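Here is the structure we will look at.
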Amino acid sequence: MRFRSLVASSILFAGTSAEQFQIPEVQSAVSSALSQFSDYVHYDGPTGTAAAAVTSATAEAHALHAAAVDDPSYWLADIAHQGFAPHAESGYVVFRNVKDYGAAGDGVTDDTVAINNAISGGGRFGPSSGETSSTTPAIIYFPAGTYVVSSSIIDYYFTQLIGNPNSPAVLKATAGFTGLGLIDGDQYQSSGNQGWTSTNVFYRQIRNLVLDLTAIPASGGSTGIHWPTAQATSLQNVQIKLNADAGTQAQGIFIENGSGGFLTDVTITGGLYGLNIGNQQFTMRNVAISNAVTAISQIWNWGWTYSGLTINSCTTAFDFSIGGSSAISAGSVTIIDSTISNTDTFLKTAWTTSSSPAGAGNLIIENVALNNVPTAIQGPNGVYLAGGTTTISGFGQGHEYTPRGPSVLNGAFDPVSRPSGLLQGGSSNYFTKSKPQYESYGTGGVVSMRSSGAKGDGSTDDTAAIQAALNSAAASGSIAFFDYGIYLVTDTIYIPPGSQVVGETYPTIMGSGSKFSNIELPYPVVQVGKEGDSGSVEVSDIIVSTQGGAAGAVLIEYNLNGDQGSGLWDVHTRIGGFTGSNLQVANCPKTGPVTTGCEAGFMSLHVTSSANNVYLENNWLWTADHDIDDAANTQISVYTGRGALIEGSNIIMYGTGVEHHSLYQYSFSGASNVMAGFIQTETPYYQPSPDAKSGPYAYNATLNDPDYSSCLPGNCDALGLYVTKSNSIYIYGAGLYSFFNDYSTTCSNAGNGEACQSEIFRVDGSTTGLRVYTLNTVGVTNMVEVDGTSEAVYSDNISVYTDGLTLFTYN
């Protein structure tokens, strides 16, 4: 059968990442959302009888004993702080302890101004500027203590808010608190607009903090974190405490737009909503919510993957029904490896066999345990799935494409047989591991790059100093610490087994010079293990880049036959679009001929066939489409060959994105036993000028590149996802987007026939055991092609701006 579209596509809330255009339908939808949740957006403190209670509550807070707070040792706070921002003003401070700016943390003093001063000082870029910048990064560090806050903490671009993991700081809202979010990640301005376009908010973190809003009266529309965000951002180890009294209006995290994003190890108690959220795509892992009315309210999305939810004692665990059956607002949700307890209803959905849009509301549930949950799935026409105390091994709703042909999935399905190499020890759940913070280490267990002779100034060759420091740290079991800087290297940086590498707010390792310039001789900038190496490696909070023409650069080559749990956390590649890259507006304008100076990378990530047990979490492989250090975020054309080539085995990927490479974004070639979700891609904006066939990076049979030799002119754009000669590849949520055709968005505008490119996801017949859940595409005519034959077309699966299907199975 073929699905018949029932309605035209509707565009929701956010545009593309790094967008340079406005879509009227998007702006209208944003206005609608802000109107719906205006009590939160414009929260000015309690009123009426609630306001009368503020005085007594404040007096109680001021009666707290202001004794000295025990602040356990933490190496990141105790080391010498030598981070150097080479393109910031003289004397610029990277690591900022809030107490150095006047914060008391005594549970009595109002620390709001001091904290905001710590964030903003030194010519940094806040939301009121509307500008982004790579030149002024900062860690804002909170020693243990209780910090009284009376209005929003305003987050800035390229900022990490970090507490002590051994005793997380408490940010305590006063009873009369005002503002959208105890922490506001993109403050609304007097114009009514957010300071930044939320799809451009990159490179930020919040971790190791407790946000206590329990003093705010229940009737107050208070918010823990306002977090409209994009790629290379994360929340980790955050606890949010909300008022749980009857009639509570509090919400833990509010996201109304963006192009995210990753969140893990978050605990929320109380409130009307634990999470009240909408974004293009997101991955959330290990989230615990208890005693909320609705644990998760999915305002809108294109695709969202949840893993490891623990929800207890709520009325509704998950509301996926917003918009109703005639106007579903969410594209798709995938929920795996979760537990719901003592809750009336697990999930509410608006989906029916005749709901609209026809390709929206796609749902996948796999391995979810229910304990005392009377209703599992509640639909608009009654109970779809009864509850109780049971485990949902597999349940889905939406359009499915299997070897039997297309059909409507509405009920149980057989889940995949998960390979043992992908599982948590002693569990049926997929393996997970949070970014290590090395809480027990002292300063003696840290080897600093700058103390070892590296400059990090963006011009000195730091290759030898870095390599010596890495070798020393691995041999002694120490942390190899990259103080903030831009570390220019002219040869491969080898990360040996035994390494524990940590960056200070995303320092950059920047490959430069002749060894990276030969397009015929690819050469790694960073090499994680060599072929034949085994053991453990952990790398976190690092950016790998190139400078100028580097057509032969493989930014990260991963060879290690690792122990389970080896991997990369918050490690990103960024090619072009920042100061010092020589790949900015003046070097690589968006129009004009391709020049060798803008051929800047052969491949972003190569997980080779020798690699085993690779854990990848929150990694963004970005060829810059715009200059983040240009006040207008002006578009640029930087040319790179390949995104992520995955050839290894036993690979876990949570929250990864690959964008703007000329041949493909993801290629699984000869790979086996892979779990990935959510994956997200964008096609280069400049294609088809040049296209994948005529661009500077030629077909390479040795690398099993996709073959574009037979594609037609004007219809030969980079694949988002290519799967060849692989087995047991399980993708839990995918968004493959093609917004532009030679910088025009006409091809992806609603109602224009998804004409940016003909195909974006290709499978060849040698692959076995492939399963893709909740696939979402933009601007693509054929959503899936197998051996040159279209298996799913967009017109059968029109969703919320995207086109969506629930399940694709091959062999």
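Numbering (this note's numbering), first residue to last: 4 to 814. Just so it is clear, CB atoms sit at the ideal spot from N, CA and C, and this is done for glycine as well. Quantities reported herein were computed from a predicted structural model and do not represent experimental measurements.
Please go through the same chain and pick out, in chain order, the residues whose beta-carbon is closer than 6 Å to the beta-carbon of His90, but skip the five residues on each side of it.
Around His90: Thr138 and Thr582.
Helix, strand or coil at Asn703 according to DSSP, with G and I counted as helix
Looking at Asn703 - three-state DSSP - the assignment turns out to be coil, as it is neither helix nor strand.
Take every Cβ of the region 240-260, pair it with every Cβ of the region 202-213, and state whether three or more of those distances are shorter than 8 Å.
Touching, yes.
Quick check: Leu586 and Gly579, are their CB atoms within less than 9 Å of each other?
Yes.
Within 9 Å, strictly: CB atoms of Leu373 and Ile325
Contact flag unset, no.
Specify, as a first and last residue, the run of the beta strand (DSSP E) that Ser344 falls within.
Its beta strand (DSSP E) spans residues Ser335 to Ser344.
Once you ignore the five residues that flank Asp248 on each side, which residues in its own chain have a CB closer than 6 Å to its CB?
Residues Ala221 of the same chain have their beta carbon placed closer than 6 Å to that of Asp248, with the five preceding and five following residues left out of the count.
Outcome for Arg99 when other beta-carbon atoms lying within 10 angstroms are tallied against a minimum of 16:
Classification for Arg99: buried.
Between Leu563 and Asp536, is the Cβ-Cβ spacing less than 9 Å?
Taking 9 Å as the Cβ cut-off, Leu563 and Asp536 qualify as a contacting pair.
Taking buried to mean at least 16 other C-beta atoms within 10 Å of its own C-beta, is Asp799 buried or exposed?
Result: buried.
Regarding His45 and the ligand GDP, is the C-beta to nearest heavy atom distance less than 8 Å?
This structure does not include the ligand GDP; it has no bound ligands of any sort.
One question on the structure: do Glu369 and Leu808 come within less than 9 Å of each other, judged by their Cβ atoms?
Not closer than 9 Å, so no.
Using the beta-carbon count (16 or more within 10 Å), is Asp720 buried or exposed?
It counts as buried.
Same chain only: Cβ atoms within 6 Å of Met711, ignoring 5 sequence neighbours per side:
Met is not the amino acid found at residue 711; the sequence shown has Tyr there. Closer than 6 Å at Cβ, skipping near neighbours: Ala695, Lys696 and Cys719.
Got a sec, what are the start and stop residues for the beta strand (DSSP E) Val766 sits in?
Val766 -> beta strand (DSSP E) spans Phe764 to Val766.
In the DSSP output, what is Glu794 paired with across the bridge?
Glu794 is bridged by DSSP to nothing; it lacks a bridge partner.
Beta-carbon proximity check, Gly274 vs Thr308, cutoff 9 Å:
No, they are not a contact pair.
Member of Ser431, Asn636 and Asn621 whose CA lies at the smallest distance from the CA of Ala627
Closest option to Ala627, Cα to Cα, is Asn636.
How is the alpha helix (DSSP H) around Ala472 delimited, first residue to last?
Residues Thr466 to Ser479.
So, are the CB atoms of Thr684 and Glu662 less than 9 Å apart?
Cβ distance < 9 Å, so Thr684 and Glu662 count as in contact.
Give a yes or no on whether the C-beta atoms belonging to Glu762 and Val781 are separated by under 9 Å.
No, they are not a contact pair.
With a CB to CB cut of under 6 Å and the five nearest residues on each side skipped, what residues in its chain are close to Val789?
For Val789, where only same-chain residues beyond five positions count, the Cβ hits under 6 Å are Val766.
Ala56 versus Gly382: straight-line alpha-carbon distance, rounded:
In this predicted model, Ala56 has a pLDDT of only 47, less than 50, meaning its place in the structure is not dependable enough to derive any value.
With distances taken Cα to Cα, identify the nearest neighbour of Ser194 among Ser131, Ala614 and Ile143.
Nearest option by C-alpha distance: Ser131.
For Asp187, three-class secondary structure by DSSP:
The three-state reading of DSSP puts Asp187 in strand, counting E and B together.
By a C-beta neighbour count over all protein chains shown, 10 Å radius and 16 as the cutoff for buried, is Pro171 buried or exposed?
Within a 10 Å sphere around the beta-carbon of Pro171 sit 16 or more other beta-carbons, which makes this residue buried.
I need the straight-line Cα distance from Tyr206 to Val574, nearest angstrom please.
Between Tyr206 and Val574, the C-alpha separation is close to 11 Å.
Test item: CB-CB of Thr727 and Ser692 under 9 Å
At least 9 Å separates the beta-carbon of Thr727 from that of Ser692.
Residue from Phe285, Ile219 and Gly277 whose Cα sits closest to the Cα of Thr232
Checking every option, the nearest Cα to that of Thr232 belongs to Phe285.
Does the separation of the CB atoms of Pro716 and Val597 fall below 9 Å?
No, Cβ-Cβ distance for Pro716 and Val597 is not below 9 Å.
Three-pair Cβ contact test at 8 Å for the region 743-753 versus the region 438-450:
No: fewer than three Cβ pairs fall under 8 Å.
Is the CB-CB distance between Tyr159 and Ala106 below 9 Å?
In this structure, Ala106 does not lie closer than 9 Å to Tyr159 by Cβ.
What are the start and end residues of the alpha helix (DSSP H) that includes Leu79?
Annotation: the continuous alpha helix (DSSP H) that includes Leu79 extends over Trp78 to Asp81.
For my contact list, Lys533 and Thr493 are in at a C-beta cut-off of 8 Å; report their separation, rounded to the angstrom.
Actually they do not touch by this definition, with Cβ atoms about 19 Å apart.
Just how far apart, CA to CA, sit Thr226 and Gln254?
Distance between Thr226 and Gln254, taken at the CA atoms: about 5 Å.
Just checking my contact of Gln208 with Ser237 at CB under 8 Å: how many whole Å lie between their CB atoms?
The Cβ separation is near 5 Å, so the contact holds.
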